[in-house]
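Q:
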Amino acid sequence: MSYGALTHFVAGEIADPQATVRVGVDYSTFHAAAQILRVGEASDLYDAQAVAAIRSNLRGEAVPATAAYVNPPAFAMLLVPFAGMRYEVALAVWTVLGLVAMGFSLVVLRTPRPWLVLAVAATSVNGFIGVRIGQAQMFWAALFGAILWRLRGSAHVQAGLFAALLSLKPQLLAPIVLWWLIDWRVYWRALVATGVGASLLALLPMVLFPGSYDGYFALLREWSASALQEGIPWGATLPYAVFAVTGPSTAIATAVFIISTLMFVGVMVTAVRRRWSQDVMFVLATIGVAALANRLFLYDWMVLVPAGVIVAKHLPPRSVHLPAMIASLMLVSFAQFAFGASVYRRFGFTLQLAPFVLLIIGVVAIRHMRSSDRDDLLSRDARLGTA
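Under this note's numbering, the first residue of the sequence shown carries the number 3, and numbering increases by one thereafter.
#1: Excluding the 5 residues flanking S373 on each side, which residues of the same chain have their C-beta closer than 6 Å to its C-beta?
#2: Under 9 Å, do Q280 and L174 count as touching if we go by C-beta distance?
#3: By a C-beta neighbour count over all protein chains shown, 10 Å radius and 16 as the cutoff for buried, is S335 buried or exposed?
#4: Look at the Cβ atom of M140, then the Cβ atom of M304, and state whether they are nearer than 9 Å.
#5: Report yes if the CB atom of V113 is closer than 9 Å to the CB atom of A70, and no otherwise.
#6: On the criterion of 16 or more Cβ atoms from any shown chain inside 10 Å, does L47 qualify as buried, or is it exposed?
#7: If I follow the unbroken alpha helix (DSSP H) through T31, where does it start and stop?
#8: Output the boundary residues of the alpha helix (DSSP H) element that contains F299.
#9: By alpha-carbon positions, which one of Y89, L210 and A138 ends up nearest to G42?
#10: With the cut-off set at 9 Å, would you say I289 and G364 are in Cβ contact?
#11: Looking at A243 and L355, is the spacing between their C-beta atoms short of 9 Å?
#12: When DSSP builds the beta bridges, which residues end up paired with G237?
#13: Closest by CA to F84, which one among A204, W96, A192 and I362?
#14: State the start and end residues of the unbroken alpha helix (DSSP H) segment that holds F130.
#15: In the structure shown, what three-state DSSP assignment does V23 receive?
#16: Apart from the five residues just before and just after L214, which ones in its own chain have a Cβ nearer than 6 Å to its Cβ?
#17: Candidates K171, T352, K315 and F259: which alpha carbon is nearest L222's?
#18: Cα-Cα, which of A121, V98, V285 and L193 is closest to Q137?
#19: Could you have a look at R276 and say whether DSSP puts it in helix, strand or coil?
#20: Which same chain residues end up closer than 7 Å to V23 when comparing Cβ atoms and leaving out the 5 residues on each side of it in sequence?
#21: Label S169 either buried or exposed according to how many other C-beta atoms from any shown protein chain fall within 10 Å of its C-beta, with 16 as the threshold for buried.
#22: Which value, in whole angstroms, describes the spacing of the CA atoms of F391 and G342?
#23: How many whole angstroms separate the CB atoms of A165 and T196, which I take to be in contact at a CB cut-off of 8 Å?
#24: Quick check: the Cα distance between W182 and V313, rounded to an integer number of angstroms?
#25: What is the residue span of the alpha helix (DSSP H) that K315 lies within?
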């Protein structure tokens, strides 16, 4: 039922009825940025007029001159090979590569029926929106899976190098780095690798594409000032929720965001001191980024898929909790996107129920994982005692 309703709403362009074409709308921004670097006009990378002109040509429709490209220069640098392809071909390759990357991350995490999980994820509300507009959420989810895969193999340097790629969207990286900083005696190699890798990613555009940072820091200041001033339907984190509920009030939203972030840091510190398992810490960090990050949208919730795989392995096979969690997340995503869009068109903001549902599910999931860990320890102690 939800898939059918989603298809109806998306086909009807509920989010932007005036748009003529929505497929690949975000990827067109990435492609335009890569083309700017490819033709040697790096200083125009954050020029809204220049990006809009290329996007208009790519999409065959007038595109407004807004600050559409907001990723670091390294993101555009990595997409330069795509800029040599026709736009439609590049979009197709980009989409397929993202799906394949996420699929392989599920394989290495030993997910039962990984390609079925991928298909369900890609056609869910969160996945379908991102795939349709050409976002990078599948790559981010693949990196989350790859980080845990290498941590489980005690390959901390490799985990850190995968994490360094998340610096292309730094809000995704912050909770993982926080976890490793708190437990630095264990993860210091991962931290060093992340720092070195992220630094190289930041420096390479300066060398290969001089001028690519022109305007970037001014853009960051502008976006930072307006970070809590949006109530868009597919914003899915606590800052958006508070802004909508409070009237909207940027001051209250900022205060609540700071307090909630400090509380999250406290939970992470407590979890590390009590030696919660690596799986639980990974799930905790993933929930933290999805619930608290600035400017994280509904399609970015694909990073929850690797965490969901881990939670599933800690629950009894016939447990009702996992299907209930999945159904709750899918339904709240659908409701927020579909019905929130109508509210947004009328009032300019919409209530954000998704982060609250996620936090409740996170508490339940972690409690069950902790219980499973204790049962495993007791079972192991019993076996050792018998031996």
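Built from N, CA and C at the ideal position, the CB exists for glycine as well.
A: The structure says:
#1: none
#2: no
#3: buried
#4: For M140 and M304, yes; Cβs fall inside 9 Å.
#5: According to the sequence shown, residue 113 is Thr rather than Val. No. Outside cutoff.
#6: Buried, since its Cβ has 16 or more Cβ neighbours within 10 Å.
#7: Counting along the chain, T31 sits inside the alpha helix (DSSP H) bounded by residues V27 to R40.
#8: Taken as a continuous stretch (DSSP letters only), F299 belongs to no alpha helix (DSSP H), as it is neither H nor E.
#9: L210
#10: I289 is a Cβ neighbour of G364, given a cutoff of 9 Å.
#11: In contact: L355 and A243 (Cβ atoms closer than 9 Å).
#12: F299
#13: W96
#14: V127 to I135
#15: At V23 the pLDDT is 47, less than 50, meaning the model places this residue with poor confidence and gives no usable figure here.
#16: At residue 214 the sequence reads Ser, which differs from the Leu that was named. Closer than 6 Å at Cβ, skipping near neighbours: A44, L47, P75 and P207.
#17: K171
#18: V98
#19: coil
#20: Because V23 carries a pLDDT of 47, less than 50, the predicted location of this residue cannot be relied on, and the following value inherits that uncertainty. For V23, where only same-chain residues beyond five positions count, the Cβ hits under 7 Å are R61 and E63.
#21: buried
#22: As displayed, the chain neither begins before 3 nor continues past 389, which places residue 391 out of reach and without an answer.
#23: That pair is a contact at about 5 Å.
#24: 20 Å
#25: L306 to K315
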